[in-house]
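So the structure is just underneath, and the comments pick up after that.
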Amino acid sequence: MDEKHRTVASLVSKLSSVSERTRIDALIELRQMSKLDPETRPIIAEAGAIPFLAETLYSSSHPSQENAAATLLNLSISAKEPLVSTRGVLDAIAHVISHHSSSSSASAVQSAAATIHSLLAATDDYRPSVGAKRDIVYALVDILRCHVSSPPRTIKDALKALFGIALYPPNRATMVHLGVIPALFALVVKDGRVGIVEDTTAVIAQVAGCEESGEAFRKVAGVGVLADLLDLSTGASMRSKENAVSALLNLARCGGESVVAEVREALANIAADGIDDVEDNGSAKGKNKAKLLKVLFGDDDVNDNNSSNSVLSSGGGSQFDSF
């Protein structure tokens, strides 16, 4: 056994100490090791630390909770499988996030939300199992609902986690049922912090790709809000405009004729110039989606009945590759 293995084994053994100070000191060292030395992450997982870290998330001690959550976040970067496969880990993460406005440490909540995002980044392996944890989805949505009191970094990590969950299409209906649509649009309308609108519209674009979103969007006048982002006078960023285009396209594809009519009306009133702007100046994917939306809109240069029907039947896989 080399020095790293011996050190990790000693620290993990201290996580079951009766002394809180001993446990916290061990957690601090594991947090630092897993942050600074990627080679230690699988060693820490193999040494049996994960069940202790998960249990510590229920602790009333904020220092313990914070260091355990941060260590799990570090492990999630390169030791995803042992983390997800350990019984109770996702439930413990859900517990921390669920108590974001009461007993949980703010730092632990941020780390827990970031852990969900980390688990879902770059692979779709864990999106079904994480999305099936309704407590996690609901808690992340609740962070958005409490956006006035939630720290910006926590909101952004919650949005990134929800984005990852929404990349698995069957999760989208669950997200809608748990109230993600009004929470997202409240952020767009009421929260002007830098980057929040861009990240929020990225999630909206994904969640729009399910049949259940049509009615949920209607209840919050979502089509009108997205059309406003495409109004050049609002000064929305190009990323927000690209996401708005993607959302409207997904919504029309999945929402049926009544939604298509609603989108067409909104685009005809105020959004045409914004779509042109995305087509002319957006990213490659943004330009393509703007062209598709113009087909649906009825642009005389590109539209005929067959092309419009093709847009509607071509599926909802519209995601941009980056959040």
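Sequential numbering of the sequence shown, starting at 1, is according to the UniProt record's numbering.
Heads up, the beta-carbon is just placed ideally off N, CA and C, and yes, glycines get one too.
Under 8 Å: do the segment 166-181 and the segment 190-197 share three or more Cβ pairs, one atom per stretch? At 8 Å Cβ cutoff, the stretches do not touch.
(Q) Using C-beta distances below 6 Å, list every residue in its chain close to residue 62, excluding the 5 sequence neighbours before and after it, in chain order. (A) Taking the sequence shown and counting its residues from 1, one reaches residue 62 at position 62. Within its own chain, the residues whose Cβ lies closer than 6 Å to the Cβ of residue 62, once the five positions on either side in sequence are excluded, are 105, listed in chain order.
Subject >> CB-CB length for residue 206 against residue 153, believed under 8 Å >> reply: For this step, residue 206 is matched to residue 206 along the sequence shown. For this step, residue 153 is matched to residue 153 along the sequence shown. Incorrect: roughly 21 Å between the Cβ atoms, too far for contact.
What's the call for residue 122, buried or exposed, on a 16-neighbour Cβ count within 10 Å? The residue you call residue 122 lines up with position 122 of the sequence shown. For residue 122, the number of other beta carbons within 10 angstroms of its own is below 16, and it is reported as exposed.
Distance between residue 83 and residue 33 (C-alpha atoms, nearest Å): Along the sequence shown, read from residue 1 onward, the residue named residue 33 stands at position 33. Along the sequence shown, read from residue 1 onward, the residue named residue 83 stands at position 83. Whole-angstrom Cα-Cα distance: 17 Å.
message: Suppose you measure from the CA of residue 224 to the CA of residue 53; what does that come to, to the nearest Å?
response: To locate residue 224, count along the sequence shown from 1; it is residue 224. To locate residue 53, count along the sequence shown from 1; it is residue 53. Note on geometry: alpha-carbon atoms of residue 224 and residue 53 lie some 45 Å from one another.
Q | Spatial neighbours of residue 189 in its chain, beta-carbon cut-off 7 Å, leaving aside the 5 residues before and after | A | For this step, residue 189 is matched to residue 189 along the sequence shown. By the criterion of a C-beta distance shorter than 7 Å, residue 189 is surrounded in its chain by 225, once the five residues flanking it on both sides are discounted.
To which residues of the same chain is residue 186 closer than 6 Å at the C-beta, ignoring the five residues directly before and after it? Locating residue 186 in the sequence shown gives position 186, where the first residue counts as 1. Once the five neighbours on either side are set aside, residue 186 has no close Cβ partner at all.
Quiz item: Can you give the Cα-Cα distance for residue 180 and residue 7, rounded to whole angstroms?
Solution: Locating residue 180 in the sequence shown gives position 180, counting from the first residue. Locating residue 7 in the sequence shown gives position 7, counting from the first residue. Residue 180 and residue 7 have their alpha carbons spaced roughly 44 Å apart.
Looking at the unbroken alpha helix (DSSP H) that takes in residue 45, where does it start and where does it end?
Within the sequence shown, numbered from 1, the residue matching residue 45 stands at position 45. Per DSSP, residue 45 belongs to the alpha helix (DSSP H) from 40-46.
Handout entry: Span of the alpha helix (DSSP H) around residue 255
Key = Taking the sequence shown and counting its residues from 1, the one referred to as residue 255 is at position 255. First-last of the alpha helix (DSSP H) with residue 255: 238-255.
Among 29, 132, 198 and 49, nearest to residue 399 - alpha-carbon criterion = A question about residue 399 goes unanswered here, because the residues of the chain that appear run from 1 up to 323.
| From residue 57 to residue 135, what distance separates their C-alpha atoms? | Here the question's residue 57 lines up with position 57 in the sequence shown. Here the question's residue 135 lines up with position 135 in the sequence shown. Their Cα atoms are separated by approximately 15 Å.
### Query
Alpha carbon to alpha carbon, what distance is there between residue 203 and residue 129?
Mapped onto the sequence shown, residue 129 falls at position 129. Mapped onto the sequence shown, residue 203 falls at position 203. Approximately 19 Å, taken between the alpha carbons.
* Residue-level contact to chain D via CB, residue 238, 8 Å cutoff -> This model lacks chain D altogether, as it is built from one protein chain only.
Exercise. Can you name, in chain order, every residue of its own chain whose Cβ lies under 6 Å from the Cβ of residue 339, other than the five neighbours on each side?
Worked result: Examination of residue 339 is not possible in this model, given that the chain is present from 1 through 323 alone.
message: So, with DSSP's three-state summary, where would you put residue 211?
response: Your numbering for residue 211 matches position 211 in the sequence shown. Under the three-state reduction of DSSP, residue 211 is assigned to coil, being neither helix nor strand.
Length of the line joining the Cα atoms of residue 300 and residue 227 = Looking up residue 300 in the sequence shown gives position 300. Looking up residue 227 in the sequence shown gives position 227. With a pLDDT of 43 at residue 300, under the threshold of 50, the predicted position of this residue should be treated as unreliable, though the coordinate-derived value follows. Cα to Cα, residue 300 sits roughly 20 Å from residue 227.
- [ ] Pick out whichever of 268, 218, 267 and 96 has its Cα sitting closest to the Cα of residue 182.
- [x] As a working note, residue 182 is residue 182 in the sequence shown. The shortest C-alpha separation from residue 182 is found at 218.
Give the C-beta separation of residue 139 and residue 94 to the nearest angstrom, bearing in mind that I take them to be a contact with Cβ-Cβ under 8 Å. Your numbering for residue 139 matches position 139 in the sequence shown. Your numbering for residue 94 matches position 94 in the sequence shown. The beta carbons of residue 139 and residue 94 sit about 6 Å from each other, so the pair counts as a contact at 8 Å.
Can you check which of these residues, 281, 31 and 241, is closest to residue 64 by C-alpha distance? Locating residue 64 in the sequence shown gives position 64, counting from the first residue. Ranking the options by Cα distance to residue 64, first place goes to 31.
Sufficient close CB pairs (3 or more, under 8 Å) joining the segment 258-277 to the segment 230-237
Touching, yes, given that three or more Cβ pairs across the two stretches are closer than 8 Å.
| field | For residue 16, three-class secondary structure by DSSP | value | In the sequence shown, counting from the first residue as 1, residue 16 sits at position 16. Here residue 16 sits in coil by DSSP.
Subject >> Residues of its chain near residue 164, where Cβ-Cβ distance is below 6 Å and the 5 sequence neighbours each way are ignored >> reply: Counting from one through the sequence shown, the residue named residue 164 turns up at place 164. Result list for residue 164: 117 and 120, in chain order.
The alpha helix (DSSP H) with residue 56 in it runs from where to where?
Here residue 56 refers to the residue found at position 56 when the sequence shown is read from its first residue. Run containing residue 56: 49-56, per the alpha helix (DSSP H) assignment.
- prompt: Where residue 103 and residue 184 are concerned, what is the direct C-alpha to C-alpha distance, given to the nearest angstrom?
  reply: Here residue 103 corresponds to residue number 103 of the sequence shown, with the count starting at 1. Here residue 184 corresponds to residue number 184 of the sequence shown, with the count starting at 1. C-alpha of residue 103 to C-alpha of residue 184: approximately 25 Å in a straight line.
Mark residue 230 as exposed unless 16 or more other C-beta atoms lie within 10 angstroms of its C-beta, in which case mark it buried. Against the sequence shown, residue 230 aligns to sequence position 230. Flag for residue 230 reads buried.
Exercise for review: Assign residue 295 to one of two classes, buried (16 or more other C-beta atoms within 10 Å of its C-beta) or exposed (fewer than that).
Suggested key: Taking the first residue of the sequence shown as 1, we reach residue 295 at position 295. By the neighbour-count criterion, in which a residue is buried when 16 or more other Cβ atoms sit within 10 angstroms of its Cβ, residue 295 is buried.
*For residue 100, is the classification buried or exposed, using 16 other Cβ atoms within 10 angstroms of its Cβ as the cut-off for buried?*
The sequence position of residue 100 within the sequence shown is 100, counting from 1. With 16 or more other Cβ atoms within 10 Å, it is buried.
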